[in-house]
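Quick note: the sequence shown uses the working numbering, first residue -5, plus one each step.
We put the CB at the ideal spot given by N, CA and C, even for glycine.
What follows is a single structure, written as structure tokens, with notes after it.
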Amino acid sequence: MKALVLTAANHVELIDRPLPAPVPGRALVRMKAVALNRRDEWIREGKYPNIKLGVTMGSDGAGVVEAVYDEVDQPWVGQEVVINPNLDWGPDPEVQSSRYTILGMPVDGTFAEYIIVPVDRLQRKPRHLDFLQAAALPLGGLTAFRALFKRGGLKPDHNVLISGFGGGVAQFAFLFAQAVGANVYVTSGSDEKVEKALKLGAKGAYNYKRETSYSDLWKTKGGFHLVIDSAGGDQINNFIKVLRPNGRIVFYGATTGLPGKLDLYRMFWNQLSLLGSTMGNDHEFSEMLAFVSGSQIKPIIDSIRPFSKIAESFADITRPNKVGKIVFQV
Ligand SMILES: NC(=O)c1ccc[n+]([C@@H]2O[C@H](COP(=O)([O-])OP(=O)(O)OC[C@H]3O[C@@H](n4cnc5c(N)ncnc54)[C@H](OP(=O)(O)O)[C@@H]3O)[C@@H](O)[C@H]2O)c1
-5 MKALVLTAAN
5 HVELIDRPLP
15 APVPGRALVR
25 MKAVALNRRD
35 EWIREGKYPN
45 IKLGVTMGSD
55 GAGVVEAVYD
65 EVDQPWVGQE
75 VVINPNLDWG
85 PDPEVQSSRY
95 TILGMPVDGT
105 FAEYIIVPVD
115 RLQRKPRHLD
125 FLQAAALPLG
135 GLTAFRALFK
145 RGGLKPDHNV
155 LISGFGGGVA
165 QFAFLFAQAV
175 GANVYVTSGS
185 DEKVEKALKL
195 GAKGAYNYKR
205 ETSYSDLWKT
215 KGGFHLVIDS
225 AGGDQINNFI
235 KVLRPNGRIV
245 FYGATTGLPG
255 KLDLYRMFWN
265 QLSLLGSTMG
275 NDHEFSEMLA
285 FVSGSQIKPI
295 IDSIRPFSKI
305 AESFADITRP
315 NKVGKIVFQV
């Protein structure tokens, strides 16, 4: 079978690997679809902790359970599933344990025709989604769900600003916030994506590359209860300015690096909170799937490609005109 493996620094390739066999507590899953995340490209570039060569990459995927080892797990055989990419979150629902890791590095992940995963990583695929849509969901959906609802405390009538609308996680934050009836605004680095967000129902959309965007936000919206961001950098001070008193910024990444300064004066005076967030625990993963099913949410898919093109597609993760997830038919 084919698997996408990190074979050298900065190099991923599809190679032949022996078909794995189920062992106690694990299931063999025939993958039907997998999806790329920014994390995969960070790993390829060597900008991620605990990188090991020879590991099958990938955190997102959906498929059909082909076989299990234990008799008690037999009901899983033939089920259509999505894979929970969390491993060893640990006992504290608030914070991951020191053993926490994610499928796809340093342990083998989803980018293969067949994978072996612990049976407790299997979740039934939401019925309204096909395999391609379901494969887009795990890492991005879970990250957005925790950031918005658990860390961000989003309520239906809140004003929320999602930065970098084109991002794989940001699109879920956008869809989830809309589904609960929040007033959703976005930023993006391209006018094309700004237009797309407005067409999809954003109350306002702003190009973060234009100097006027944040002053417009402040004037027209009277302040946000919540900002969701993964870009970081000095822009965080603009978010501090457009928050209402008692508002929160939740950030789950820092793609553009650290801020050179932070407006602490305005933060303490306005009772503002700056909160970090990362994926989510197993219970939140189940909650996220139930929420997606209940609200009939369908991920925004940038493109669907054959699995044979996955290695060359890494270059497109950072493509400026990408909106949503790059997904592969296995
Ligand atoms: N903590 C976690 O558990 C976790 C989970 C998932 C992701 N992450 C991290 O979060 C980040 C995003 O992940 P992703 O998978 O969504 O990546 P992605 O699909 O590559 O999206 C990145 C997006 O960032 C936006 N962006 C770039 N520069 C920006 C700026 N100056 N201001 C606002 N937005 C900007 C762009 O939006 P536009 O195209 O609209 O301009 C781009 O589409 C990465 O750093 C990733 O490693 C962390």
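Rounded straight-line distance, which links the Cα of residue j to that of residue i
{"i": "L343", "j": "K193", "result": "The requested residue 343 does not occur in the structure, where the chain is confined to residues -5 to 324."}
{"i": "V345", "j": "A2", "result": "Not covered by the structure: residue 345. The range shown for the chain is -5 to 324."}
{"i": "H339", "j": "T181", "result": "This structure cannot speak to residue 339, because the chain is shown only from -5 to 324."}
{"i": "Q172", "j": "A21", "result": "36 Å"}
{"i": "F166", "j": "F279", "result": "14 Å"}
{"i": "R24", "j": "E205", "result": "49 Å"}
{"i": "N80", "j": "Y202", "result": "32 Å"}
{"i": "G227", "j": "V221", "result": "14 Å"}
{"i": "P300", "j": "L8", "result": "12 Å"}
{"i": "W36", "j": "A284", "result": "30 Å"}
{"i": "N153", "j": "D210", "result": "15 Å"}
{"i": "R93", "j": "W83", "result": "7 Å"}
{"i": "I304", "j": "M273", "result": "24 Å"}
{"i": "G48", "j": "D34", "result": "14 Å"}
Span of the beta strand (DSSP E) around residue i
{"i": "G240", "result": "Per the sequence shown, residue 240 should be read as Asn rather than Gly. Counting along the chain, the beta strand (DSSP E) containing N240 begins and ends at L237 to F245."}
{"i": "H219", "result": "F218 to D223"}
{"i": "M25", "result": "R20 to A29"}
{"i": "A56", "result": "D54 to V62"}
{"i": "S297", "result": "I295 to P300"}
{"i": "H277", "result": "Here H277 belongs to no beta strand (DSSP E); instead the alpha helix (DSSP H) covers D276 to G288."}
{"i": "V89", "result": "Run containing V89: none; DSSP gives neither H nor E here."}
Option in the options with minimal Cα separation from residue i
{"i": "V75", "options": "L237, N240 and V28", "result": "V28"}
{"i": "W253", "options": "E39, L97 and I234", "result": "Correcting the residue identity first, residue 253 is Pro in this sequence and not Trp. For the residues E39, L97 and I234, the minimum Cα distance to P253 belongs to I234."}
{"i": "N315", "options": "G162, S289 and N232", "result": "G162"}
{"i": "I298", "options": "I109, L126 and F159", "result": "L126"}
{"i": "V66", "options": "P18, R24, V101 and G98", "result": "P18"}
{"i": "D86", "options": "S280, V317, S307 and D276", "result": "D276"}
{"i": "F245", "options": "P239, L269 and G72", "result": "L269"}
{"i": "D257", "options": "N232, F139 and K187", "result": "N232"}
{"i": "I109", "options": "G241, S271, I77 and T137", "result": "I77"}
{"i": "P16", "options": "V59, R145, L131 and A130", "result": "V59"}
{"i": "G158", "options": "L116, S184 and A61", "result": "S184"}
{"i": "I96", "options": "V71, Y63 and N44", "result": "N44"}
{"i": "H122", "options": "I295, D310, Q290 and M261", "result": "Q290"}
{"i": "R325", "options": "G160, A164 and G55", "result": "Shown here, the chain extends from -5 to 324; a query on residue 325 therefore has no answer."}
{"i": "P331", "options": "K292, V324, I311 and T312", "result": "Limits of the chain in this structure are -5 at one end and 324 at the other, which puts residue 331 out of reach."}
{"i": "S53", "options": "M(-5), G72, A128 and Q90", "result": "A128"}
{"i": "F262", "options": "G247, K(-4), N240 and R313", "result": "N240"}
Contact belief for residue i with residue j at Cβ below 8 Å, rounded distance in angstroms
{"i": "G217", "j": "L237", "result": "6 Å"}
{"i": "S320", "j": "S307", "result": "Note on residue identity: the sequence assigns Ile, not Ser, to residue 320. Going by Cβ atoms, the distance from I320 to S307 rounds to 6 Å, so yes, they are a contact pair."}
{"i": "P100", "j": "K46", "result": "5 Å"}
Start and end residues, alpha helix (DSSP H) containing residue i
{"i": "S182", "result": "Element bounds for S182: not the alpha helix (DSSP H) but the beta strand (DSSP E), N177 to S182."}
{"i": "G135", "result": "P132 to F139"}
{"i": "I37", "result": "R32 to R38"}
{"i": "G103", "result": "Looking at the DSSP string, G103 is not in any alpha helix (DSSP H), and its letter there is neither H nor E."}
{"i": "I304", "result": "I304 to S307"}
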